[in-house]
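Each remark here refers to the structure printed beneath this line.
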Amino acid sequence: MLAAAALLLGLGLLLHRQIPNRIGNLGSLVETFLPWSGLFVPPLLAAALWRRSAAALTALLLPVAVWLSLFGGLLPDKSRPGGDLALAVHNVGAANPDPSGTARALAASGADVLALAELTPDARGAYEKELARTYPHHTVQGTVGLWSRLPLSDTRAVDTAMDYGPLAATRPARVRLSYNRALRTTVTTARGPLAVYVAHLGSARVNPRAGFWTDSRDRNAQALARAVAAERNDRMVLLGDLNGTLDDRAFAGLTSRLRPAHDAAGSGFGFTWPARFPIARIDHVLVRGVRPTSSRVLPATASDHLPVFARIGW
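For the sequence shown, my numbering gives the first residue as 28, with consecutive numbering after it.
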C-alpha cells in the first residue's frame with residue numbers, strides 16, 4: 028500500500044496536465060497547489076522506513092524525482108546584482124485599514140514603477156497623496172493604477188471581458204471604466220520604451236457545489252493573453268494579481284509569451300497570498316524582451332496580499 032501510494036503521488040505529479048477539468052475544475056485546483064504535494068513525501072518516507080519496505084522506498088524515488096524536476100529550480104537564489112529598472116506590484120486590498128501607511132512602505136521599497144490593484148474610490152486619494160512626492164507620473168484606470176518615476180504615454184484601459192453578455196455593449200463607457208481591472212501604458216526609459224500592463228483578474232473560489240470556480244478569472248486571462256499577443260513592443264512587463272498560480276493551465280496563453288521574473292531571478296516559492304500565512308504565488312511580474320536580475324516578496328502591509336519586487340535589465 029505504501030508503494031502504491033508513492034507511485035500514485037509520482038504519477039499525479041508527472042501527469043498533472045492530464046487531470047481533467049470537467050468535474051469541478053479538478054485539474055486546475057491540483058495545479059494551483061502542486062508545490063505542496065511534496066509534503067506527502069516525508070510521512071511516506073517515515074512509514075516506509077518504519078516498515079522497512081524496500082519496495083516503498085524505491086517507489087518514492089518517482090515523486091521525489093518529478094517534484095525536484097518541477098520545483099527544484101526554485102530553491103536556490105538566482106538573483107544577480109544590477110538591473111536598470113525596479114518594479115513592484117501590490118494588491119493593496121479594498122478593505123485595507125491603512126492605505127497611507129501602505130503607500131509609504133511601497134514608496135520606500137525603491138521601485139521605479141509601482142503597480143497597484145484593488146484601488147477603491149475612498150482610498151485612491153490617500154495613495155495619490157502619499158505617492159506624489161516619489162512618483163511624478165501616474166495613471167488610474169478603474170481599480171488598477173501605475174505610479175512611475177519616469178514619463179508615461181499611450182495609456183489606456185485594457186478590456187479583460189469583465190463586462191460580458193448581451194447587455195455589455197449597451198453600458199456607457201464611463202460605467203465600464205469604473206470597474207475596469209487592467210491597463211496598458213508605455214514607460215519611457217533611458218533604454219527605450221517599455222510596455223507595461225497592470226491587471227487584476229477575477230477571483231477563484233472553492234465551494235462544494237461548483238468545485239474550483241474560476242469562470243471569470245479564466246475569461247479575464249484569455250482576454251489579457253489576446254492583448255499581450257497583440258502588443259507590438261518587444262519589451263514588456265505584466266504586473267498583477269492574477270488570482271492563480273502559473274502552474275495552472277488557465278494561464279497557458281500568458282506563460283507561452285511571457286516568463287515569470289521570480290522563476291528566473293528569485294529564491295524559493297515566492298508565495299504572496301494570504302499575507303498572514305502565504306500558500307500560493309498569485310501576484311506576479313511577467314516579462315518579455317528584458318532580463319530579470321532579481322525578484323523577491325516584500326514585507327507585509329495592511330493588505331491581505333504581499334507585495335512583489337523585481338529588478339530588470341536590458
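Where a beta carbon is used, it is the ideal one built from N, C-alpha and C, also for glycine.
Source: prediction; values computed, not measured.
Residues bridged to residue i (per DSSP)
i: Tyr224; result: Arg211 and Leu265
i: Gly60; result: In the sequence as presented, Gly is not what sits at residue 60; that position holds Phe. The partner list for Phe60 (beta bridge, DSSP) is empty, contrary to what the question assumes.
i: Thr216; result: Gly219
i: Val119; result: Paired residues: none, contrary to the question.
i: Thr166; result: Leu173
i: Phe336; result: Ala115 and Arg323
i: Asn270; result: Paired residues: none, contrary to the question.
i: Asn48; result: Its beta-bridge partners do not exist; DSSP assigns none.
i: Asn234; result: Gly238
Residue i burial status per 10 Å Cβ neighbour count (16 or more: buried)
i: Asn52; result: buried
i: Val57; result: buried
i: Arg342; result: Residue 342 lies beyond the residue range present for the chain, which begins at 28 and ends at 341; the question has no answer from this structure.
i: Tyr206; result: exposed
i: Met189; result: buried
i: Gln45; result: exposed
i: Ser96; result: exposed
i: Ala231; result: buried
i: Ala256; result: exposed
i: Arg219; result: In the sequence as presented, Arg is not what sits at residue 219; that position holds Gly. Exposed.
i: Pro103; result: exposed
i: Leu173; result: buried
i: Asp242; result: exposed
i: Arg259; result: exposed
i: Gly99; result: exposed
i: Leu158; result: buried
Simplified DSSP assignment, three categories, for residue i
i: Trp94; result: helix
i: Gly37; result: helix
i: Arg183; result: strand
i: Phe278; result: helix
i: Ser55; result: helix
i: Gly172; result: strand
i: Asp86; result: Per the sequence shown, residue 86 should be read as Ala rather than Asp. Correct three-state label for Ala86: helix.
i: Trp240; result: strand
i: Thr299; result: coil
i: Asp245; result: helix
i: Thr343; result: Residue 343 lies beyond the residue range present for the chain, which begins at 28 and ends at 341; the question has no answer from this structure.
i: Phe304; result: coil
i: Ala254; result: helix
i: Arg315; result: strand
i: Leu71; result: helix
i: Asp331; result: coil
i: Ala144; result: strand
i: Asp290; result: helix
i: Arg107; result: coil
i: Asp125; result: coil
Contact belief for residue i with residue j at Cβ below 8 Å, rounded distance in angstroms
i: Thr166; j: Thr328; result: Actually they are not in contact, since the Cβ atoms of Thr166 and Thr328 sit about 22 Å apart, beyond 8 Å.
i: Ala248; j: Leu269; result: 7 Å
i: Leu72; j: Ala32; result: Between Ala32 and Leu72 the Cβ distance is about 11 Å, and since that is not below 8 Å, they are no contact.
i: His117; j: Leu146; result: No, His117 and Leu146 are not in contact; Cβ-Cβ is about 11 Å, not under 8 Å.
i: Leu41; j: Val93; result: 5 Å
i: Gly340; j: Val317; result: 7 Å
i: Arg208; j: His227; result: 4 Å
i: Val140; j: Val223; result: 6 Å
i: Tyr162; j: Pro126; result: About 15 Å separates the two Cβ atoms, so there is no contact after all.
Min CB distance residue i to chain D below 8 Å
i: Ala252; result: Of the protein chains in this structure there is only one, and it is not chain D.
Near the ligand FAD: residue i beta-carbon under 7 Å from a heavy atom
i: Thr241; result: Absence of the ligand FAD is noted for the structure shown, with no ligands found whatsoever.
field: Touching by the beta-carbon criterion (3+ pairs, under 8 Å), the segment 41-57 and the segment 99-109
entry: Taking one beta carbon from each stretch, the segment 41-57 and the segment 99-109 have fewer than 3 pairs nearer than 8 Å; the two do not touch.
- request: Decide yes or no for the touch test of the segment 282-296 against the segment 115-122: beta carbon pairs closer than 8 Å, at least 3 of them.
  value: Below 8 Å, too few C-beta pairs join the segment 282-296 and the segment 115-122 to call them touching: fewer than three.
query: If we count Cβ pairs, one from each stretch, closer than 8 Å, do we get three or more for the segment 214-224 versus the segment 171-183?
result: Output reads yes: the segment 171-183 touches the segment 214-224.
message: Measuring CB atoms only, is the segment 273-292 touching the segment 80-96, in the sense that at least three cross pairs come out at less than 8 Å?
response: Flag = no, the segment 273-292 and the segment 80-96 do not touch.
query: Quick one: any contact between the segment 131-138 and the segment 324-338, if contact means 3 or more CB pairs under 8 Å?
result: In short, these stretches touch, since the Cβ pair count reaches three.
- prompt: Pairing CB atoms from the segment 301-312 with CB atoms from the segment 65-81, are three or more of them under 8 Å?
  reply: Not touching, per the Cβ criterion.
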